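For the sequence shown, the positions run -21 to -1, 1 to 315 when mature numbering (1 follows the signal peptide of the UniProt record, and there is no 0) is used. Think of the CB as a built atom: it goes at the ideal place given N, C-alpha and C, for glycine as much as any other residue. Computed from a predicted model, the values in this text were never measured in an experiment. See below for the structure under consideration.
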Amino acid sequence: MLSNLLVLLNALSCLTGFVQGLRQVVTNLNEPTTPAIMVDFPDPAIIRTGDTWWAYATNANGTNIQLASSPKENFDGKWKRHAGYDVLPKLPSWVLQNRSDVWAPNVVQTAPDNFVMYFAATWAKEPRFHCLGTATSSTPNGTFTPSPDPFACNLEVGGSIDASGFKDPVTKKRFVTYKIDGNSLGSGGSCNNGFWPRKNTPLVLQEVATDGITKIGSKITLLNREDIEGPCIEAPSIAYIREKYFLFYSSNCWDSGFYDVKFATADSVYGPYKKGGQLLISPNLGLINPGGAETVIDGKFVTFHAGPPGKRYMYTGRMDFDGDSTIKIWDEKDEY
């Protein structure tokens, strides 16, 4: 829940100017932000089915994947965390069982009675790497049954994390975007990639079949890290908003004090993507290391995590455009 949070990204005049010439202005900073979930609930991803919102998060509090829920009309309020309930209680054999580090789940609905979860977990044969896995369930609250084989590893370039599913309303195709975890091959420092030469951490796109799992063709690179973005870019997610493709992502290290939420835009899901500005940064509104943003329903709803130090609480907000030149994030009730 964002108390009077209004983030404005102002541009020149029209939509073309909006995606090409952004600068940031932050207003309404009089009240502190209030989390929707005030325990460690990192990398939140949401889905709405019927009259219920569901949220999934990285392993913490004794579970591989955490689960929370909220009635449809209470998106901006306090969410119920299902403490002690593990939505992914069993892990596939390729995962290191005693140190699984199950990260950044994301769930998509591929049929009325089929839900697919993407997650990252430690590769048992080489624990410095993560691979991406998939799991399925007939209900959004699980439990989910993992597929036996990983979805993507890319071990030669550092592994794979942070998968996010997207169904393109234009092409009607399904995709998964994720991060090549190059910083796992780094030489130390911030997020193991703080020292030169830094490894690349590209964000990539993989087309999948209607089942959300079977890969079609090869992955392509959407975005690369720039030096100004620190040791890595990560946590990609795509939304189709106002006839533009928005690629939301985070840059810098998650605990650095410089972690943020950024975006890039394109006219095609395949790119090329042009980097825009920052949506959320430290320390505005008391947010520390905001990141892991996910949007749903044409970008109208957004979740992300932020501090305090040592924890990552879940926040919720609404996102909309004000005319042709502004993005707003706010928490007021409306008809959605």
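| field | Residues bridged to proline 50 [DSSP beta-bridge criterion] | value | Thr31
| request: Out of Glu213, Val136, Gly112, Pro119, state which residue places its alpha-carbon closest to the alpha-carbon of tyrosine 157. | output: Distances from the alpha-carbon of tyrosine 157 to those of Glu213, Val136, Gly112, Pro119 put Glu213 closest.
| message | Whole angstroms are fine: how far does the CA of aspartate 22 sit from the CA of tyrosine 228? | response | Answer to the nearest angstrom: the Cα atoms are 12 angstroms apart.
| Inter-stretch contact at 8 angstroms, needing at least 3 Cβ pairs: the region 163 to 181 / the region 205 to 224 | yes
| field | Contacts around lysine 290, its chain only, beta-carbon distance under 8 angstroms, and the 5 residues preceding and following it disregarded | value | Close CB contacts of lysine 290 within its chain, under the 8 angstroms cut and outside five residues either way in sequence, are with Val18, Asp19 (chain order).
| task | Assuming lysine 194 and valine 183 form a contact by the criterion Cβ under 8 angstroms, report the distance between their Cβ atoms to the nearest whole angstrom. | result | Between valine 183 and lysine 194 the Cβ distance is about 12 angstroms, and since that is not below 8 angstroms, they are no contact.
| For methionine 298 versus glycine 271, is the C-beta distance shorter than 7 angstroms? | With respect to glycine 271, methionine 298 sits apart: the two C-beta atoms are not nearer than 7 angstroms.
| said: Quick check: the Cα distance between leucine 111 and glycine 265, rounded to an integer number of angstroms? | reply: Those two C-alpha atoms are separated by around 33 angstroms.
| said: Could you compute how far the alpha carbon of alanine 218 sits from the alpha carbon of valine 86? | reply: 15 angstroms
| task | Rounded to whole angstroms, what's the CA-CA distance from proline 262 to arginine 78? Just pull it up for me. | result | Cα to Cα, the separation comes out at about 32 angstroms.
| field | Contact under 7 angstroms by Cβ, proline 84 with alanine 24 | value | yes
| How should glutamate 10 be labelled, buried or exposed, when 16 other C-beta atoms within 10 angstroms of its C-beta is the threshold for buried? | Because the pLDDT at glutamate 10 is just 41, under 50, the model does not fix this residue reliably, and the point stays unresolved.
| query | What's the C-alpha gap between lysine 104 and tryptophan 73? | reply | 8 angstroms
| Measuring CB to CB, does glycine 250 end up less than 7 angstroms from leucine 201? | yes
| CB valine 95 to CB threonine 122, shorter than 7 angstroms? | no
| field | Neighbourhood of aspartate 30 by C-beta, 7 angstroms cutoff - its chain only, sequence neighbours within 5 removed | value | Pro50, Lys51
| Do the CB positions of alanine 243 and leucine 226 come within less than 7 angstroms of each other? | yes
| The beta strand (DSSP E) spanning arginine 153 covers which residue range? | 153 to 159
| Does DSSP put leucine 182 in a helix, in a strand, or in coil? | strand
| request: Check glycine 265 in the structure and name its three-state DSSP category. | output: helix
| task | Go ahead and pull the three-state DSSP assignment for glutamate 105. | result | coil
| query | Do you know whose CA, among Ser216, Asn203, Tyr224, lies nearest threonine 150's CA? | reply | Tyr224
| said: Whole angstroms are fine: how far does the CA of threonine 180 sit from the CA of glycine 165? | reply: About 10 angstroms.
| Can you find a heavy atom of the ligand SAM that lies under 6 angstroms from the Cβ of glutamine 45? | Absence of the ligand SAM is noted for the structure shown, with no ligands found whatsoever.
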